[in-house]
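Protein sequences, first through last, are from chains A, B, C and D. So the first sequence is numbered by the working numbering: it starts at 1 and just counts up by one. So the second sequence is numbered by the working numbering: it starts at 244 and just counts up by one. So the third sequence is numbered by the working numbering: it starts at 487 and just counts up by one. So the fourth sequence is numbered by the working numbering: it starts at 756 and just counts up by one. Backbone N, C-alpha and C fix where the C-beta goes; we use that ideal spot for every residue, glycine too. Being a predicted model, the structure only gives us computed values, none of them experimental.
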Amino acid sequence: MPKNKLVRTFRDAVADIPDGATVMIGGFGGAGGQPTRLMLALRDHGVKNLTLIGNVAGISKLTGYGWPKGLDPIDQGIFFASGQANRIICSFPVTGSPNLVSEIEKAWREGRAEVDIVPQGTLIERIRAAGAGIAAFYTPTGAGTPVAKGREVRIFNGREHLLEYALPADFALVRAKMADAHGNLMYVGTSRAFNPAMATAAKVVIAEVDEVVPSGGLDPERIGTPGVYVDRIVVRDPGDPLP
Amino acid sequence: MPKNKLVRTFRDAVADIPDGATVMIGGFGGAGGQPTRLMLALRDHGVKNLTLIGNVAGISKLTGYGWPKGLDPIDQGIFFASGQANRIICSFPVTGSPNLVSEIEKAWREGRAEVDIVPQGTLIERIRAAGAGIAAFYTPTGAGTPVAKGREVRIFNGREHLLEYALPADFALVRAKMADAHGNLMYVGTSRAFNPAMATAAKVVIAEVDEVVPSGGLDPERIGTPGVYVDRIVVRDPGDPLP
Amino acid sequence: MPDPAPRLTRQDIARRVARELPDGATVNLGIGIPALCANFVPHGVELRYQAENGILGFGEHYPDGEGDPDVMDAGGKFPKRSPGMAFFDSVESFAMIRGGHIDVTVLGALQVSRHGDLANWMIPTRGIGSIGGAMDLATNTRRVIIAMEHTAKAPAPRPPSSIAGNGLGVSSRPGSPGGPEALTPHPTQEKNLLTNSEVAKIVEECDYPLTARRCVSMIVTDIAVIDVLPEGRGLVLRETAPGWDAKSVQALTAAQLQVPAGLKTMTLK
Amino acid sequence: MPDPAPRLTRQDIARRVARELPDGATVNLGIGIPALCANFVPHGVELRYQAENGILGFGEHYPDGEGDPDVMDAGGKFPKRSPGMAFFDSVESFAMIRGGHIDVTVLGALQVSRHGDLANWMIPTRGIGSIGGAMDLATNTRRVIIAMEHTAKAPAPRPPSSIAGNGLGVSSRPGSPGGPEALTPHPTQEKNLLTNSEVAKIVEECDYPLTARRCVSMIVTDIAVIDVLPEGRGLVLRETAPGWDAKSVQALTAAQLQVPAGLKTMTLK
């Protein structure tokens, strides 16, 4: 666990992500809580054959989902447009309309990408499990649906449950409002979402933050991700126009 | 879900807890985060055959564990001294020395109480599971130890894991620093401990707080237990000498 | 059979659903018609809205596209900060949902069966869909109300070159090496075809991929209010839209409706 | 065989263990000798202390019995607030522990086996014990160091009226209807009896109830430092206390120690 976690540039922060890596991308979908600068750096890094883990994915660009007006939304579709990702594990990869086709759906239609669609609660719980040392768990969600395919089914209290496995990753890109010198992260509002769980579930955790403060600069009652989980921190330029 | 959750007295708050109920008692062990006034009210209520769920239990009275100097510590042993509880599920019910015998150990030695000793991480995860709709989960903790007795064992990634089940309760007594009109609870410091999870895992959740504030009086970033989980709130008298 | 009277608007559907939300309830509204319900909550009823992305107790929204991206709802809109809100992460949000702590959810549907099975996440001919929070909500919420139009538009016959999914379901692997293949219209849609332009959404058995089994309590549409009896005991027509009767509703429904003596007309004031 | 030199103090054991804690590590210290390690961390080494009750990054404590009950460690003591601390609940605390995010834990022991099995939560004759966080820590922490006295006092022969547990283990049900029964001294203690007054704690196989199997990396005692080789490959004597040699340490150890050429004397400056 490095003591000095600050990395100077977004490019440096993602430079060792190799071809074929599994990468978690935090947030919920939308601008808030999305590690957008890290995503752009990873795209520019040019790595291939990525497996991504996200939630709402590839929707914002088409629909403006979760982005303020007047900006060109950036979402996980950039890795499919660039041909860098060939698989995504997520809960919401396509729009409600077959005529609004995201980069992810397009890649899937063209046979360039595999898309694993997981119920959102199962997805976040699997990610949490990976970070929390829980190998697998039983959830009622998905029983009797296509999600149950290939899953062990077991009855508890008269209800069918599915056995779902921990879902870890090689890298997690997360976004927080502030970090301190220990790597503690503070989130605001709904920008928590998938970030805190993903920050526990990857071998290497890279945080994009708006600001770093010295030790003691964060309220100990407001730490969303204790520093023990965080390997690298990159700070945005003040006045970065991206939300 | 009642809209007005405020209850006037500790006695009223516990008045419907029946004989034979399973009751979670929040905190960690020690004064901080312990719903001491609710516990005393429950004892005075005189109910019998309780099953308690706690963590460190019955130790403070003997050793001062987690209590400031100069006060007579109160702990879950009061329900065994009074003969009201005949079972406890907890992680730490006896001292390190056979010569320092707690009320719980005494009741056990005398055949008046059953004591289920559960690894702390398994205990809190089972409580969380009960609140989170997870029927059961696999943990490596306890494999190859007496804890494994009667448990399903399964190998994941070459390691033995035990299947552990959700642990719900009829009532949870929890302690927070502040509540608002919606039942949102705010904790401070290490007084979180078992409280937030227990507040999700019981049919009826009763919170003891130092202060209630109107809607908007709590920082939405600092809610430890969202109001959806809380059924009743009782406020301590200002200046209550008990920690 | 021509419509005996106009169908209700999306707003009217939402208005009717809003009356089902009890004072003090914690409610999760899906996108589309369900989200509109918040505009029609009767005076004196206070609800606590929960959204999957980790927010409880929001109310009014900013105008479209305005607001703070750090305070979002699950539909990607930006609510204003309001007193008594709570923020939490997705782990906690789905613990709340999966754990059964949400009183009511209102969701849209592609199909609802007479047993209360719900299908709302994938059109089979598309081959890929979005589950989001729908399965967790439908499986675990105490009361699931469906707000939808009573029927769907019948699809145009698909041109031979059209793209179609590979039908692999949830793990949607890339199209077969031969490339996308044309599919004939989905058999469901033939079976449930009501007219040349309409397909039933309330059906005997869903043949769209399910979201959850036996989860729906009530269906509110643009022509009717239907209760789903527990334990697969079928559908009961409770109310019809003004100008509609049981027969005209049944004609647009591919599952048998039980019609009680007390059938009412929906009031929408 | 009489002791060839004084045994180390508890402080000295802690001092030696403290050198094993690498700069920047996240460390959980058990109660007793382990907790003393914090007093002896070498200059320039910064550690992040975690405690099971939901605190990371604490340092100095208030004098005994003083402080704020809302800022406690897992030993029931009250640390001062220090910069960079984080508070969290027990769910998160054990996610951190169980998930393998703690670098080192230092624990006490009743027995350690030659395979690195640890027993530290129950004396069998008592019949009841406290597990606390020990099983989660021992099972899931990257490096487990045991800090203890090398041997235990041999128990006095128990009077026939003495209380003894029912041996039911983890679910300790009430004593049998006939009331508590006297037990003869535990067979372990006979097997590992070294002298009239001492019992070995480092043994071939633990016969006390286990805390975790094959979890221990290193044992530091008042007379020796011992590495536990991975995969059950046994114990290697690395250092002896001043004045002690391999033979005198082996004499107080009920498991075979491998003695390498480079055996050193512990330095405690």
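Task: Cβ-based neighbour list, Leu965(D), same chain, cut-off 8 Å, excluding 5 preceding and 5 following - done: Asp872, Leu873 and Ala874
Open item on the list: Residues of chain D with CB closer than 7 Å to the CB of Tyr229(A), please, in chain order.
Closed with: His856
Task: Thr200(A) beta carbon near the ligand GTP (any heavy atom closer than 8 Å) - done: Of ligands this structure carries none, so the ligand GTP is not represented either.
TODO: Using three-state DSSP, classify Arg612(C) as helix, strand or coil.
DONE: coil
Open item on the list: Just to confirm, is the Cβ distance from Ala373(B) to Gly551(C) under 9 Å?
Closed with: no
Open item on the list: Distance cutoff 9 Å, beta carbons only. Does Asn400(B) sit that close to anything in chain A?
Closed with: yes
Task: Local Cβ density within 10 Å of Val235(A), reported as buried at 16 or more and exposed below that - done: buried
Task: Pairwise C-alpha distance: Gly570(C) and Pro341(B) - done: 50 Å
Open item on the list: With H, G and I counted as helix, E and B as strand and the rest as coil, what does DSSP make of Ile89(A)?
Closed with: strand
- [ ] Quick one: which residues of the region 304-325 of chain B get their C-beta closer than 9 Å to a C-beta of chain D? List them in chain order.
- [x] Thr306, Gly307, Tyr308, Gly309, Trp310, Pro311, Lys312 and Gly313
Open item on the list: Distance cutoff 9 Å, beta carbons only. Does Asn195(A) sit that close to anything in chain D?
Closed with: no
TODO: For Ala829(D), return the contacting residues in chain A, with the cut-off set at a CB-CB distance below 7 Å.
DONE: Result: empty, since nearest Cβ-Cβ is about 16 Å, beyond 7 Å.
Task: Through-space distance from Ile981(D) to Val990(D), alpha-carbon basis - done: Note that residue 990(D) is Leu in the sequence shown here, rather than Val. In a straight line, the C-alpha of Leu990(D) is about 6 Å away from that of Ile981(D).
- [ ] Please name the residue or residues paired with Arg154(A) in a DSSP beta bridge.
- [x] His161(A)
TODO: Spatial neighbours of Pro757(D) within its chain, please: CB distance less than 7 Å, with the 5 preceding and 5 following residues excluded, ordered by chain position.
DONE: none
Open item on the list: Closer than 8 Å is the cut-off here; do at least three beta carbon pairs connect the region 356-368 of chain B with the region 570-581 of chain C?
Closed with: no
- [ ] Using a Cβ cut-off of 9 Å, pull out every chain B residue sitting near Phe526(C), in sequence order please.
- [x] In chain order: nothing, as chain B lies at least about 20 Å away.
- [ ] Below 8 Å on the Cβ atoms is my guess for Ile104(A) versus Ile78(A); work out the distance and round it to an integer in Å.
- [x] The Cβ separation is near 10 Å, so there is no contact.
Open item on the list: When you compare the CB positions of Thr627(C) and Asn514(C), do they come within less than 9 Å of one another, or not?
Closed with: yes
Task: 8 Å Cβ shell around Pro565(C) - same chain, five flanking residues per side excluded - done: Ile541, Phe544, Gly545, Glu546, His547, Tyr548, Gly553, Val557, Met558 and Asp559
Open item on the list: Just to confirm the assignment, what range does the alpha helix (DSSP H) spanning Asp498(C) have?
Closed with: Arg496 to Ala504
TODO: Under 7 Å between beta-carbons, which chain B residues line up against Pro569(C)? List them in chain order, please.
DONE: Ser458 and Gly459
TODO: Give every residue of the same chain whose Cβ lies closer than 8 Å to the Cβ of Glu395(B), excluding the five residues on either side of it in the sequence, and list them in chain order.
DONE: Leu405 and Leu406
Open item on the list: Which residues does DSSP list as the beta-bridge partners of Thr443(B)?
Closed with: According to DSSP, Thr443(B) bridges with nothing at all.
TODO: Could you name the residues of chain A that Arg898(D) contacts, counting a contact when the two beta carbons are closer than 7 Å?
DONE: What Arg898(D) touches in chain A: nothing, since even the nearest Cβ is about 13 Å away.
TODO: Look at the alpha carbon of Gly888(D) and the alpha carbon of Leu123(A), and state the distance between them as a whole number of angstroms.
DONE: 28 Å
Task: Strand pairing of Ala135(A), partner residues [DSSP] - done: Answer by DSSP bridge pairing: none, since Ala135(A) is not bridged.
Task: Residues from the region 131-157 of chain A in contact with chain D, defined by Cβ distance under 9 Å - done: Gly131, Ala132, Gly133 and Ile134
Open item on the list: I need the boundaries of the alpha helix (DSSP H) containing Thr625(C), first residue and last residue.
Closed with: Ala620 to Asn626
- [ ] List the endpoints of the continuous alpha helix (DSSP H) containing Arg700(C).
- [x] Looking at the DSSP string, Arg700(C) is not in any alpha helix (DSSP H), and its letter there is neither H nor E.
Task: Interface flag, Asp413(B) vs chain C, CB-CB below 9 Å - done: no
Task: CB of Met24(A) within 9 Å of CB of Met198(A), strictly - done: yes
Open item on the list: If the criterion is Cβ atoms closer than 9 Å, does the pair Pro520(C) and Leu593(C) meet it?
Closed with: yes
Task: Among Arg286(B), Cys333(B) and Ala328(B), nearest to Gly297(B) - alpha-carbon criterion - done: Cys333(B)
Task: CA-to-CA distance, Gly269(B) to Ala419(B), given in whole angstroms - done: 10 Å
Task: Start-end ranges of the alpha helix (DSSP H) lying completely within the region 279-361 of chain B, minimum 4 residues - done: 279-288, 303-306, 321-324 and 346-352
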